[in-house]
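A short write-up of the structure that comes next.
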Amino acid sequence: MNSRDKKVFLWSGPRNISTALMYSFAQRQDTVVVDEPLYAHYLTRSPAKPLHPGADDILSSMEVNGEKVIEGMQKEGKKQVTFFKNMSHHLIGLDWDFMKSGANVILTRDPKDMLMSFSEVIEEPQMSDIGYAIQLELLDYFTSIKLPFVVLDAKKVLKHPEDQLYKLCNFLDIPFDHAMLSWQKGPIPEDGVWAKYWYKNVHLSTGFQPYRQKDITFPERLIPLLKECQPIYEKLLKDAL
Numbered sequence: 224m225n226s227r228d229k230k231v232f233l234w235s236g237p238r239n240i241s242t243a244l245m246y247s248f249a250q251r252q253d254t255v256v257v258d259e260p261l262y263a264h265y266l267t268r269s270p271a272k273p274l275h276p277g278a279d280d281i282l283s284s285m286e287v288n289g290e291k292v293i294e295g296m297q298k299e300g301k302k303q304v305t306f307f308k309n310m311s312h313h314l315i316g317l318d319w320d321f322m323k324s325g326a327n328v329i330l331t332r333d334p335k336d337m338l339m340s341f342s343e344v345i346e347e348p349q350m351s352d353i354g355y356a357i358q359l360e361l362l363d364y365f366t367s368i369k370l371p372f373v374v375l376d377a378k379k380v381l382k383h384p385e386d387q388l389y390k391l392c393n394f395l396d397i398p399f400d401h402a403m404l405s406w407q408k409g410p411i412p413e414d415g416v417w418a419k420y421w422y423k424n425v426h427l428s429t430g431f432q433p434y435r436q437k438d439i440t441f442p443e444r445l446i447p448l449l450k451e452c453q454p455i456y457e458k459l460l461k462d463a464l
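The sequence shown begins at 224 in our numbering and counts up by one.
Right, here's the structure in full:
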């Protein structure tokens, strides 16, 4: 990887503080951020389109061909670092070889917290909507080809943002910047057209919000999916910062 053209591929599930992390990197003077470039590709290859608010706007405003998107991701960045915020489940039918050209970060979250948040927008999520299974496949893929990667746990980032970001920057071989810890309220120009449906909390924030355990009864209908996700999450945590 060209030291003057670092590519960071974030592989997150939904509602995993991935947008807050994108806002954090957007504060760096040496970094350009790209918001979910494979979203339209995913909607054309997945039965989930009817469930996603603003799907038609997404499809009309983005490249829908995933291979072309990946070609674009390989081009030299406008700044030293290009941070691609991706959802892991958007990788439907794509060759993963391009990941060798950048640094790969898996962002995960306790599925109990994640499912409660995600179900506020999509009431009946499936495993294919939330990324845990693909994240485990990514972990196995990176390990099998000896490609360096790191796992971030959302709860740890919220509890210790400076420590976690410092360690992440160390892995990425870029200097830690204190500007990453805060931002101004409101949207940023790099937001996808779906921001109005998903980014309300980040738009109201000025930094990583302190972690708080929600005192809410977990929905019974989501318990089977939680039981599928929990062992995967625990495997991912073994490699977490």
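A virtual CB, placed ideally from N, CA and C, is assigned to each residue, including glycine.
Expressed to the nearest angstrom, what Euclidean distance is found between the alpha-carbon atoms of residue i and residue j?
i           : j           : result
residue 461 : residue 405 : 29 Å
residue 259 : residue 438 : 31 Å
residue 300 : residue 227 : 9 Å
residue 240 : residue 377 : 6 Å
residue 348 : residue 342 : 7 Å
residue 353 : residue 262 : 13 Å
residue 453 : residue 445 : 12 Å
residue 332 : residue 456 : 7 Å
residue 407 : residue 356 : 34 Å
residue 248 : residue 399 : 10 Å
residue 448 : residue 350 : 7 Å
residue 253 : residue 421 : 27 Å
residue 234 : residue 314 : 10 Å
Quick one: using the 10 Å Cβ neighbour count with 16 as the cut-off for buried, is residue i buried or exposed?
i           : result
residue 288 : exposed
residue 325 : buried
residue 316 : exposed
residue 225 : Since pLDDT at residue 225 reaches only 45, below the 50 mark, its modelled position is unreliable, and no value is offered.
residue 431 : buried
Judging by CA-CA distance, which residue of the options is the nearest neighbour of residue i?
i           : options            : result
residue 256 : 267, 296, 274      : 296
residue 381 : 436, 335, 323, 344 : 436
residue 394 : 375, 383, 409, 412 : 375
residue 323 : 426, 230, 459      : 230
residue 327 : 346, 306, 291      : 306
residue 268 : 290, 433, 426      : 290
residue 397 : 430, 429, 449, 302 : 302
residue 425 : 433, 410, 434      : 410
Measure the beta-carbon distance from residue i to residue j and round it to whole angstroms, keeping in mind my assumption that it falls under 8 Å.
i           : j           : result
residue 379 : residue 464 : 7 Å
residue 311 : residue 266 : The pair is not a contact, with the Cβ atoms about 15 Å apart (cut-off 8 Å).
residue 337 : residue 236 : 6 Å
* Asked: Is the region 369 to 389 touching the region 231 to 245, taking contact as three or more C-beta pairs under 8 Å?
  -> yes
* If you pair each beta-carbon of the region 270 to 289 with each one of the region 410 to 428, do three or more pairs fall below 8 Å? -> yes
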